[in-house]
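Right, one structure below, let's go through it.
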Amino acid sequence: MMKIDIRELRKVKGSSEAFQGDLPDISLDLPGQKTAFRSLLVKGEAANTGEGIYVHGEIRGTADMVCSLCLRDYSLDFRTPFAENFYREGDDFPKDADQPPLIYHGEEIDITATIREALQLMLPMKPVCSPQCRGLCPHCGCDLNIRRCGCKKEDIDPRLAVLGQLIINDTNNSSK
Ligand SMILES: [Zn+2]
Ligand SMILES: [Zn+2]
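The numbering used here applies: residue 20 is where the sequence shown begins, and numbers increase by one.
Below is the structure:
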């Protein structure tokens with residue numbers, strides 16, 4: 020849980036306050052992807068806009084993920100921004116917003132949900148441990164980053180095989 024005390028901030032329109040804090044580890048269970056976040060540090064600023072409280076800042080930390088190609092665990096150091104407007108319960112808020120406004124109660128704003136959403140948005144659709152990852156052999160399942168299996172390469176899609184043939188022919192012609 021991360022809460023910002025806005026007792027003083029609420030009193031003066033146009034004022035702003037910096038905040039900073041560590042977060043407990045978070046794990047997100049997304050379809051086909053489990054990610055754990057650790058060493059989380061949140062830095063930001065809350066501003067009294069007159070209408071509401073604008074909260075923005077940056078999350079830093081480490082994400083432990085599983086590579087979608089080779090299925091190995093890997094870690095990624097990241098920093099990612101967040102920004103959100105909060106309105107006090109009972110106050111006026113802009114009606115033109117496409118999303119229902121975020122409401123806070125009392126003298127504190129809980130930004131836990133905002134943080135979780137920012138972390139979720141930061142995740143790649145297909146996490147890959149490295150741009151050079153070779154993934155798993157589609158035949159025997161061995162990790163091609165670690166060893167080369169004996170599986171035959173001729174098993175590739177026949178249409179691609181034809182393409183390979185054309186390229187070879189072309190190379191032969193140009194060398195003449
Ligand atoms: Zn990988
Ligand atoms: Zn293989």
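Where is the CB? At the ideal position from N, CA and C, for every residue including glycine.
How many Å lie between S35 and N67 at the Cα? For the purposes of this step, residue 35 is taken as residue 16 along the sequence shown, with counting starting at 1. For the purposes of this step, residue 67 is taken as residue 48 along the sequence shown, with counting starting at 1. Computed Cα separation, rounded: 6 Å.
Report back the beta-carbon spacing between L137 and T99 to the nearest angstrom; my notes put them in contact at under 8 Å. Here residue 137 refers to the residue found at position 118 when the sequence shown is read from its first residue. Here residue 99 refers to the residue found at position 80 when the sequence shown is read from its first residue. One point to set straight first is that residue 137 is Ala, not Leu, in the sequence displayed. Confirmed, about 6 Å.
Which residues have their C-beta within less than 5 Å of a heavy atom of ligand 1, listed in chain order? C86, L88, C89, C148, C152
So S94 and K145 are in contact, right, with Cβ under 8 Å, and what is the actual spacing, rounded? Walking along the sequence shown from the start, residue 94 turns up at place 75. Walking along the sequence shown from the start, residue 145 turns up at place 126. No, S94 and K145 are not in contact; Cβ-Cβ is about 17 Å, not under 8 Å.
With three or more beta-carbon pairs closer than 8 Å as the criterion, would you say the segment 110–125 touches the segment 45–58? no
Excluding sequence positions up to five away, which residues of its chain have a Cβ less than 8 Å from the Cβ of C89? Sequence index remark: in the sequence shown, residue 89 carries index 70 (1-based). Answer for C89: C148, C152, R153, G154, L155, D162, L163, N164, listed in chain order.
Just tell me which of G69, N104, D44 has its CA closest to the CA of H75. Counting from 1 along the sequence shown, the entry for residue 75 is found at position 56. Out of G69, N104, D44, N104 has the C-alpha closest to the C-alpha of H75.
Would you list the one or two residues that DSSP bridges to E36? Here the question's residue 36 lines up with position 17 in the sequence shown. A65, per the DSSP bridge assignment.
Starting from the C-beta of R26, find all residues in its chain whose C-beta is less than 7 Å away, skip the five residues before and the five after it, and write them out in chain order. Within the sequence shown, numbered from 1, the residue matching residue 26 stands at position 7. Closer than 7 Å at the Cβ level, and outside the excluded window around R26, lie E126.
Please name the residue or residues paired with N104 in a DSSP beta bridge. Taking the first residue of the sequence shown as position 1, residue 104 is located at position 85. Paired residue(s): Y73.
Ranges of the alpha helix (DSSP H) found wholly within the segment 108–146, counting only runs of at least 4: 131–141
Lining residues of ligand 4 - beta-carbon closer than 5 Å to any non-hydrogen atom, in sequence order: Because ligand 4 does not appear in the structure shown, any question about it cannot be addressed here, the ligands present being ligand 1 and ligand 2.
Distance, Cα to Cα, P143 vs I122? Counted from its first residue, the sequence shown places residue 143 at position 124. Counted from its first residue, the sequence shown places residue 122 at position 103. Their backbone Cα atoms lie some 29 Å apart in a straight line.
CB-CB length for I134 against A65, believed under 8 Å: Here residue 134 corresponds to residue number 115 of the sequence shown, with the count starting at 1. Here residue 65 corresponds to residue number 46 of the sequence shown, with the count starting at 1. Not confirmed; about 14 Å, so no contact.
I196: which of R29, F38, H158, K30 sits nearest, CA to CA? Nothing can be reported for residue 196: it is not among the residues displayed for the chain, which extend from 20 to 195.
Chain-order list of residues whose beta-carbon lies under 8 Å from that of V31 (same chain, five-residue window excluded): Residue 31 sits at position 12 when you count from the first residue of the sequence shown. Once the five neighbours on either side are set aside, the close Cβ partners of V31 are N67.
By how many angstroms is the C-alpha of I78 removed from the C-alpha of P43? In the sequence shown, counting from the first residue as 1, residue 43 sits at position 24. In the sequence shown, counting from the first residue as 1, residue 78 sits at position 59. The alpha-carbon atoms of P43 and I78 are separated by roughly 13 Å.
So for R26, helix, strand or coil by DSSP? Position 7 of the sequence shown, counted from the start, is the residue given in the question as residue 26. Reduced to three states, the DSSP call for R26 is coil.
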